[in-house]
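J.: One structure coming up, written as structure tokens, with questions to follow.
Number of protein chains: 2
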Amino acid sequence: MIHRTSVHTCPPKAVEAVPYDRAMQETAEADDGESRAERKERTRRAILDAALALAADSNLAAISLRQVAKQVGVVPTAFYRHFGSLELLGLALVDESFRSLRLMLLDVWRHAPEYRDFIDGSLPIVAQHVRENCSHYAFIARERTAGPPRVREAIRHEIELITRELATDIARSGAAEHYSSKDIGLLADLIVSFVVTMAERLVEDPDSEERTLADARTQLRMLLVGALGWRSTGRT
Amino acid sequence: MIHRTSVHTCPPKAVEAVPYDRAMQETAEADDGESRAERKERTRRAILDAALALAADSNLAAISLRQVAKQVGVVPTAFYRHFGSLELLGLALVDESFRSLRLMLLDVWRHAPEYRDFIDGSLPIVAQHVRENCSHYAFIARERTAGPPRVREAIRHEIELITRELATDIARSGAAEHYSSKDIGLLADLIVSFVVTMAERLVEDPDSEERTLADARTQLRMLLVGALGWRSTGRT
DNA sequence: TAGTTGAGTGAACAGACGTTCACTCAACGG
DNA sequence: CCGTTGAGTGAACGTCTGTTCACTCAACTA
């Protein structure tokens with residue numbers, strides 16, 4: 003139990019506290035037409051954001067339900083109305099992180115269908131997405147290795163899906179015609195692993211984004227130029 | 003504060019409890035000639051091992067001084083005789099992990115001075131070391147992204163040192179003659195990043211070691227064959 | 001041999017923890 | 001319009017947390 007003095011690197015992104023139930027004593031006339039479901043969703047969001055912010059100073063396994071509740075401005079028991087446990091909350095965060103990430107990847111596939119554009123077209127999009135969803139990426143980077151087993155497993159699975167998707171995309175692009183399908187998978191894995199590492203660095207040190215990106219571009223070029231000259235030894 | 007039910011994957015490695023101070027009531031005749039310093043060192047080791055074992059089920063920031071003390075078989079206050087805080091204990095663990103790792107790397111440099119042997123010579127040595135020091139690697143993998151800031155920083159620094167060492171080794175080997183020195187650094191970084199990822203996988207799923215290694219070898223070959231065909235565009 | 005040192009003890013503290021329970025009372029649906 | 005529902009309350013519980021303090025008593029040193 004190490005106590006952190008908040009030194010988070012990325013997001014100002016204020017956490018919306020939910021004013022408890024004085025939702026009716028409207029001071030103004032009538033701008034808060036808020037259904038029951040809307041209020042619930044708002045609190046849920048606030049809990050997710052609060053957990054994301056608190057975990058940023060250590061990690062999911064080190065924060066407490068009570069801290070989250072306090073940050074949201076709600077009594078501890080209210081937490082249970084939304085999540086059965088911190089672990090389930092973690093799974094929800096994984097879900098939402100990758101939902102956003104997958105949308106971004108659709109952009110990448112669309113903007114860089116040609117191999118020649120692959121690096122220059124994709125990296126900036128990824129970098130921008132990391133910048134804009136910094137806290138989610140930080141969460142994934144941490145919990146991928148240090149999270150509760152179920153959370154780790156969920157993240158591992160999502161990354162595996164993305165790797166498979168990239169593999170079929172490489173195969174379809176015809177850029178690696180002489181590769182066996184297994185080796186296309188390995189190449190995709192190599193690329194995804196590299197991008198994961200790069201994303202971790204962007205999150206850890208956002209100020210050096212420009213340099214990190216320039217280096218990553220060179221490295222990706224080394225990797226791809228090399229890999230494309232490579233020849234599978236196995237069979238399809 | 004998520005409570006883990008111990009599901010650690012790797013080490014049986016029992017934690018030596020230190021019997022408190024009945025060190026004198028020897029039941030047998032005289033086999034425990036143990037100096038004061040020796041006893042202190044033994045307790046220190048037991049604390050390090052206990053922390054390593056406990057952190058394996060979650061992470062450093064989530065364990066408590068009292069848990070460690072209980073596991074060691076010592077009263078909580080005794081902890082302070084050895085470490086000022088859990089964070090300092092973490093730094094000690096980083097230190098000891100990398101001391102061992104550096105010794106292993108000397109072996110690698112020695113056994114694979116020729117480029118042709120690089121992959122086949124190095125990977126098995128690394129894999130063996132990961133297998134034998136599983137809990138240390140797991141610790142590094144977790145705390146590298148999720149540890150307290152000072153611990154993260156220490157790990158990042160150690161990895162950077164190793165990368166630099168590899169870079170000078172690549173330069174000396176002459177395998178990348180047409181590379182600028184900066185690009186040799188980037189290549190070294192690429193390789194180290196990949197090996198870190200591979201080590202994480204070996205730790206996460208030790209049962210698939212054989213397959214993981216085979217895949218890694220192919221990927222490293224893709225990477226290197228490619229990279230060696232690559233040509234720096236910048237200047238030295 | 002007498003005196004110092006320091007690893008480990010054990011009690012005590014104030015606060016935070018997860019979880020339970022009975023409750024309120026505004027929004028909802030028939 | 002009136003009964004149901006369910007998000008949020010607040011008190012209470014037993015347990016665990018980090019840290020303090022004065023202490024013991026074996027190993028060391030002079």
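Heads up: the protein sequence lines correspond to chains Y and V, in order. So for the first sequence, our numbering puts the first residue at 3; every next one is plus one. So for the second sequence, our numbering puts the first residue at 3; every next one is plus one. Don't be surprised by glycine CBs; every beta carbon is placed ideally from N, CA and C.
Quick one: does V/SER124 have its CB under 8 Å from some CB of chain Y?
T.: Indexing the second sequence from 1 puts residue 124 of chain V at position 122. No - not a single Cβ of chain Y is within 8 Å of the one on V/SER124.
J.: Spatial neighbours of V/ASP191 within its chain, please: C-beta separation below 7 Å, excluding the five flanking residues on both sides.
T.: Sequence index remark: in the second sequence, residue 191 of chain V carries index 189 (1-based). The residues are THR165.
J.: Below 7 Å CB to CB, which residues in the same chain sit around Y/LEU67 once its five sequence neighbours on both sides are set aside?
T.: On the first sequence, residue 67 of chain Y is found 65 positions in, with the first residue counted as 1. So the list reads PRO78, PHE81 and LEU88, once near-sequence residues are dropped.
J.: Give me the Cα-Cα distance between Y/ILE186 and Y/ALA173, rounded to the nearest whole angstrom.
T.: By one-based count along the first sequence, residue 186 of chain Y stands at place 184. By one-based count along the first sequence, residue 173 of chain Y stands at place 171. Computed Cα separation, rounded: 7 Å.
J.: Count the C-beta pairs between the region 55-75 of chain V and the region 96-116 of chain V that are closer than 8 Å, then say yes if the count reaches three, no if not.
T.: Counting Cβ pairs under 8 Å, fewer than three are found: no touch.
J.: Using the three-state DSSP reduction, which class does V/GLU167 fall into: helix, strand or coil?
T.: As a working mapping, residue 167 of chain V is identified with position 165 in the second sequence. V/GLU167 falls in the helix class under three-state DSSP.
J.: How big is the Cα-Cα spacing for V/PRO208 and V/PRO126?
T.: Here residue 208 of chain V is taken as the residue at index 206 of the second sequence, counted from 1. Here residue 126 of chain V is taken as the residue at index 124 of the second sequence, counted from 1. So the two alpha carbons sit approximately 14 Å from each other.
J.: Using three-state DSSP, classify V/HIS113 as helix, strand or coil.
T.: Within the second sequence, numbered from 1, the residue matching residue 113 of chain V stands at position 111. In the structure shown, V/HIS113 sits in a helix (DSSP, three-state: H, G or I).
J.: So, helix, strand or coil for Y/SER60, using DSSP?
T.: Start at 1 with the first residue of the first sequence, and residue 60 of chain Y comes out as number 58. In the structure shown, Y/SER60 sits in coil (DSSP, three-state: anything other than H, G, I, E or B).
J.: Would you report the Cα separation of V/MET224 and Y/ASP122, rounded to the nearest angstrom?
T.: Residue numbering aside, residue 224 of chain V sits at position 222 when the second sequence is read from its first letter. Residue numbering aside, residue 122 of chain Y sits at position 120 when the first sequence is read from its first letter. Roughly 21 Å between the two C-alpha positions.
J.: What is the C-beta distance between Y/ASP217 and V/LEU188, in whole angstroms, given that I count them as a contact (C-beta under 8 Å)?
T.: As a first step, residue 217 of chain Y is located in the first sequence; it is residue number 215 there, counting from the start. As a first step, residue 188 of chain V is located in the second sequence; it is residue number 186 there, counting from the start. Contact flag correct, Cβ pair sits at about 6 Å.
J.: Excluding five sequence neighbours on each side, which residues of the same chain lie with their C-beta closer than 6 Å to the C-beta of Y/ALA53?
T.: On the first sequence, residue 53 of chain Y is found 51 positions in, with the first residue counted as 1. Around Y/ALA53: VAL70 and LEU91.
J.: At a CB distance below 8 Å, what residues from the region 178-196 of chain Y approach chain V? Give them in sequence order.
T.: Within the region 178-196 of chain Y, the residues whose Cβ lies closer than 8 Å to some Cβ of chain V are ASP185, LEU188, LEU189, ASP191, LEU192, SER195 and PHE196, listed in chain order.
J.: At 8 Å on the CB atoms, spell out the chain V contacts of Y/LEU88, in chain order.
T.: Working through the first sequence from its first residue, we reach residue 88 of chain Y at position 86. What Y/LEU88 touches in chain V: MET3 and ILE4.
J.: In three-state terms, what does DSSP make of Y/SER175?
T.: Within the first sequence, residue 175 of chain Y is the residue found at index 173, counting from 1. If DSSP states are grouped into helix, strand and coil, Y/SER175 belongs with the helices.
J.: Along the chain, where does the alpha helix (DSSP H) containing V/SER242 start, and where does it finish?
T.: What the structure shows of chain V is the stretch from 3 to 238, and residue 242 of chain V is not part of that stretch, so it cannot be assessed.
J.: Compile a chain-ordered list of the residues in the region 59-78 of chain V whose CB is closer than 8 Å to at least one CB of chain Y.
T.: Hits within the stretch, in order: SER60, ASN61, LEU62, ALA63, ALA64, ILE65, SER66 and LEU67.
J.: Per DSSP, what kind of secondary structure is V/CYS207 in: helix, strand or coil?
T.: Numbered from its first residue, the second sequence carries residue 207 of chain V at position 205. In the sequence as displayed, the identity of residue 207 of chain V is Asp instead of Cys. Correct three-state label for V/ASP207: coil.
J.: Whole angstroms is fine: what's the gap from Y/THR170's alpha carbon to Y/GLY176's?
T.: Within the first sequence, the letter at position 168 stands for residue 170 of chain Y. Within the first sequence, the letter at position 174 stands for residue 176 of chain Y. Between Y/THR170 and Y/GLY176, the C-alpha separation is close to 10 Å.
J.: Note down the Cα distance separating Y/MET3 from V/LEU62, rounded to an integer number of angstroms.
T.: Here residue 3 of chain Y corresponds to residue number 1 of the first sequence, with the count starting at 1. Here residue 62 of chain V corresponds to residue number 60 of the second sequence, with the count starting at 1. Taking the straight line from one Cα to the other gives about 8 Å.
J.: Where does V/ASP97 land, buried or exposed, given buried means 16+ other C-beta within 10 angstroms?
T.: Stepping through the second sequence from its first residue, residue 97 of chain V is reached at position 95. Result: exposed.
J.: I need the straight-line Cα distance from Y/GLY213 to Y/ILE161, nearest angstrom please.
T.: On the first sequence, residue 213 of chain Y is found 211 positions in, with the first residue counted as 1. On the first sequence, residue 161 of chain Y is found 159 positions in, with the first residue counted as 1. Looking at the sequence itself, residue 213 of chain Y is Arg, so the reference to Gly does not match. Looking at the two C-alpha atoms, the distance is approximately 25 Å.
J.: Just the C-alpha distance for V/ALA57 and Y/ALA48, rounded to the nearest angstrom, thanks.
T.: Working through the second sequence from its first residue, we reach residue 57 of chain V at position 55. Working through the first sequence from its first residue, we reach residue 48 of chain Y at position 46. So the alpha carbons of these two residues sit roughly 30 Å apart.
J.: Identify each residue in the region 142-155 of chain Y for which the Cβ-Cβ distance to at least one residue of chain V is less than 7 Å, and report them in chain order.
T.: Those residues of the region 142-155 of chain Y that come within reach of chain V (Cβ to Cβ, closer than 7 Å) are ALA143, ARG144, THR147, ALA148, PRO150 and PRO151.
J.: What are the boundary residues of the alpha helix (DSSP H) that Y/ALA71 is part of?
T.: If you number the first sequence from 1, residue 71 of chain Y lands on position 69. 67-74 is the extent of the alpha helix (DSSP H) around Y/ALA71.
J.: Between the Cα of V/LEU204 and those of V/SER102, V/HIS180, V/ILE193 and V/ASN135, spot the shortest distance and give me the residue it belongs to.
T.: In the second sequence, counting from the first residue as 1, residue 204 of chain V sits at position 202. Comparing Cα positions, the closest option is V/ASN135.
J.: Am I right that V/PHE95 and V/LEU50 are in contact with their C-beta atoms under 8 Å? What's the rounded C-beta distance?
T.: Taking the first residue of the second sequence as position 1, residue 95 of chain V is located at position 93. Taking the first residue of the second sequence as position 1, residue 50 of chain V is located at position 48. Going by the sequence as given, residue 95 of chain V is Leu instead of Phe. Rounded, the Cβ-Cβ distance is 6 Å, consistent with contact.
J.: So what's Y/SER124 in DSSP terms, helix, strand or just coil?
T.: The residue you call residue 124 of chain Y lines up with position 122 of the first sequence. Y/SER124 falls in the helix class under three-state DSSP.
J.: Leaving out five residues on either side along the sequence, give the residues of the same chain with a beta carbon under 7 Å from the beta carbon of Y/LEU93.
T.: Taking the first residue of the first sequence as position 1, residue 93 of chain Y is located at position 91. Here the set comprises ARG152, VAL153 and ALA156.
J.: Looking only at C-alpha atoms, which of V/VAL197, V/ARG38, V/HIS5 and V/ARG44 sits nearest to V/SER124?
T.: Position 122 of the second sequence holds residue 124 of chain V. Here the closest residue by C-alpha is V/VAL197.
J.: Would you kindly check if the distance between the Cβ of Y/ARG38 and the Cβ of Y/HIS84 is under 8 Å?
T.: Residue mapping note: residue 84 of chain Y aligns to position 82 of the first sequence, counting from 1. Residue mapping note: residue 38 of chain Y aligns to position 36 of the first sequence, counting from 1. For Y/HIS84 and Y/ARG38, no; Cβs fall outside 8 Å.
J.: Scan the region 155-177 of chain V for residues whose Cβ lies nearer than 9 Å to a Cβ of chain Y and list them as they occur along the chain.
T.: Taking 9 Å as the Cβ-Cβ cut-off against chain Y, the residues of the region 155-177 of chain V that qualify are ARG158.
J.: Within 10 angstroms of its Cβ, does V/SER210 collect 16 or more other Cβ (buried), or is it exposed?
T.: Locating residue 210 of chain V in the second sequence gives position 208, counting from the first residue. By the neighbour-count rule (16 or more Cβ atoms within 10 Å), V/SER210 is not buried but exposed.
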